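Encoded as structure tokens, the structure appears first; notes follow it.
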Amino acid sequence: DGLSIAWAVAEHIAAKIGCKTLFATHYHELTELSEKAEGIKNCCIKVQENPDGVLFLRKIVPGSADKSYGIEVAKLAGFPQEVVRRAENLLTVLEEKEHRLGKTGRVVQEEASVNERVNLFNYKAKTLLDQLKDLPVDEMTPIEALNYLNEIKKKAKES
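See below:
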């Protein structure tokens, strides 16, 4: 409902109030308003993508963004790597689901439920593997390594 409220507010400002307004949003669908309502123009912040991530150039340019940089912003904000990796995983799943919805018009509920369970299992397994990959074994005492392994074993049983 957030998108519908934002859409209605933007239309109302353009049609009824007519004042200049800076409307910042993450709803890409709202860019369609520039084609449907007089007086609405899209602008976005210019970015430069590079292998290390994204650089926000702090320059407003005409047009709409072709993609979202929310995950990149989360990285810059210092979100934990586990949260960022989970967000990337969820984004992939949601984009695949959106792609299927676009092709078929609907997704069978049972298939979606199975996919969600598989994705949750894969996420938990990947999280445990990531913890093992990041484990500084060479810097740990044998008892620290054993305690850490025991913690991972407990987490695996909870899954």
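If you read the sequence shown in the working numbering, its first letter stands for residue 1, the second for the next number, and so on.
Every residue gets a Cβ at the ideal spot worked out from N, C-alpha and C, and that includes glycine.
Source: prediction; values computed, not measured.
Best match in the options for proximity to residue i [C-alpha to C-alpha]
| i | options | result |
| --- | --- | --- |
| residue 129 | 51, 19, 152, 74 | 152 |
| residue 44 | 146, 23, 156, 126 | 23 |
| residue 155 | 131, 1, 16 | 131 |
| residue 190 | 81, 127, 136, 143 | Absent from the structure is residue 190, since the part of the chain shown begins at 1 and ends at 159. |
| residue 62 | 143, 3, 40 | 40 |
| residue 34 | 18, 19, 11, 1 | 11 |
Three-state secondary structure (DSSP) of residue i
| i | result |
| --- | --- |
| residue 46 | strand |
| residue 62 | strand |
| residue 169 | The question about residue 169 has no answer here: the residues shown for the chain are numbered 1 through 159. |
| residue 151 | helix |
| residue 97 | helix |
| residue 12 | helix |
| residue 28 | helix |
| residue 136 | coil |
| residue 40 | coil |
6 Å Cβ shell around residue i - same chain, five flanking residues per side excluded
| i | result |
| --- | --- |
| residue 103 | For residue 103, the predicted model reports a pLDDT of 48, less than 50, meaning its position is unreliable; a value from the coordinates is still stated below. There are no such residues. |
| residue 54 | 47, 69, 72 |
Cut-off 8 Å between Cβ atoms - residues of its own chain near residue i, not counting five sequence neighbours on either side
| i | result |
| --- | --- |
| residue 88 | 71 |
| residue 57 | 45, 46, 47, 48 |
Beta-bridge pairing of residue i - partner residues as DSSP gives them
| i | result |
| --- | --- |
| residue 54 | 49 |
Close-in-space but distant-in-sequence residues of the same chain around residue i (CB under 7 Å, 5 per side omitted)
| i | result |
| --- | --- |
| residue 6 | 25, 27, 30 |
| residue 21 | 13 |
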